[in-house]
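The next block holds one structure in the form of structure tokens; read it before the comments.
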Amino acid sequence: MAAIRAGQLGLKVAIIEKDKRLGGTCTLRGCIPTKQLLQSAHVYEQMQHAADFGVRRRASNWLLRDVQKRKDKVVMKNSKGIGS
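Using the working numbering, you'd call the opening residue of the sequence shown number 122 and step up by one each time.
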């Protein structure tokens, strides 16, 4: 965050990152991926009780492959945003 803010203020910034993508632990492996997985679990759990709210559904399936794709997409978007 400090590097982003310094760049916004017109300062030259150098970032040293051990990964190929920018973002550090929080963006690439920690906070952001975890929040995305929890959000998917929350949506799935809510769908289990859809009928209680007058919403009919045929089936709710937990497709881990698709959940992982969404998580990866969000992580990549955040990483590219940091890079810009």
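Just so it is clear, CB atoms sit at the ideal spot from N, CA and C, and this is done for glycine as well. The structure presented is a predicted model; accordingly, all values stated were derived computationally and were not measured.
Since residue i contacts residue j with CB under 8 Å, what's their CB separation in whole angstroms?
i, j, result
"Ser205", "Leu149", "Not a contact, Cβ separation roughly 16 Å."
"Ile136", "Ala127", "Their Cβ separation, rounded to whole angstroms, is 10 Å, which puts Ile136 and Ala127 out of contact at 8 Å."
"Ile203", "Leu143", "4 Å"
"Ser161", "Val134", "Not really, about 34 Å apart at Cβ, beyond 8 Å."
"Val195", "Gln157", "5 Å"
Taking CB distances under 9 Å as the criterion, tell me whether residue i reaches chain B.
i, result
"Gly151", "In summary, chain B is missing from the structure at hand, where a single protein chain is found."
Would you mind reading off the limits of the alpha helix (DSSP H) that contains residue i?
i, result
"Arg178", "It is not in any alpha helix (DSSP H) - Arg178 carries neither H nor E in the DSSP assignment."
"Leu185", "185-204"
"Arg126", "123-129"
"Gly145", "145-149"
"Leu158", "152-168"
Quick one: residues in its chain with C-beta nearer than 7 Å to the C-beta of residue i, no 5 flanking neighbours on either side, listed in chain order?
i, result
"Lys192", "Pro154, Gln157, Leu158"
Query raised in the report: Given 8 Å as the limit, is there contact between the region 173-185 and the region 142-157, that is, 3 or more CB pairs closer than that?
Result: Fewer than three pairs of CB atoms, one per stretch, sit closer than 8 Å, so the region 173-185 makes no contact with the region 142-157.
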